[in-house]
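Peer 1: Take this structure first; my questions come after.
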Amino acid sequence: MKKSYDLDEYVAGQLNDPEFKREYDKADREIVAALAVKNLREEMGISQRELAQVSGTAQSTIVRIENGNLDLKLSTLQKIAQSVGKELEIRLV
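For what it's worth, the UniProt record's numbering labels the leading residue of the sequence shown as 1, then goes sequentially.
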């Protein structure tokens, strides 16, 4: 009989592989950044188009950020934060 695994068990086992852990951590940071941009925009009650306009960024870039389909640059996050009167905070934990 085939043993079944849940996702948490699988990931926990794979995290022992340094390459898997590195990629997993990278994906986690990108998701957190994407959610931060989306949450900020929604808290302000503005559309992706409006955020793109005030930040001088293409709307397609905002869409890709929020969908997690863009390797974010700090300069892009800084530009978005400054355009809406926020500060970008980065912490090493």
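Glycine is no exception: its CB is placed at the ideal position from the N, C-alpha and C atoms.
Can you tell me the Cα-Cα spacing of Asp60 and Arg22, whole angstroms?
Peer 2: For clarity, residue 60 is Ser in the given sequence; the question names Asp instead. When rounded, the distance between both Cα atoms is 28 Å.
Peer 1: Counting Cβ pairs, one atom from each stretch, are 3 or more of them under 8 Å apart for the segment 27-45 and the segment 67-74?
Peer 2: yes
Peer 1: Does DSSP put Gly13 in a helix, a strand or coil?
Peer 2: helix
Peer 1: Is the beta carbon of Ala52 closer than 8 Å to that of Ile62?
Peer 2: yes
Peer 1: For a quick check, are the C-beta atoms of Ile80 and Ser47 less than 8 Å apart?
Peer 2: no
Peer 1: In angstroms with no decimal places, state the Cα-to-Cα distance between Arg49 and Glu43.
Peer 2: 15 Å
Peer 1: Mapping the DSSP letters down to three states, classify Asn39 as helix, strand or coil.
Peer 2: helix
Peer 1: What first and last residue would you give for the alpha helix (DSSP H) that runs through Ser55?
Peer 2: Gln48 to Ser55
Peer 1: Using beta-carbon positions only, say whether Leu40 and Val84 come within less than 8 Å of one another.
Peer 2: yes
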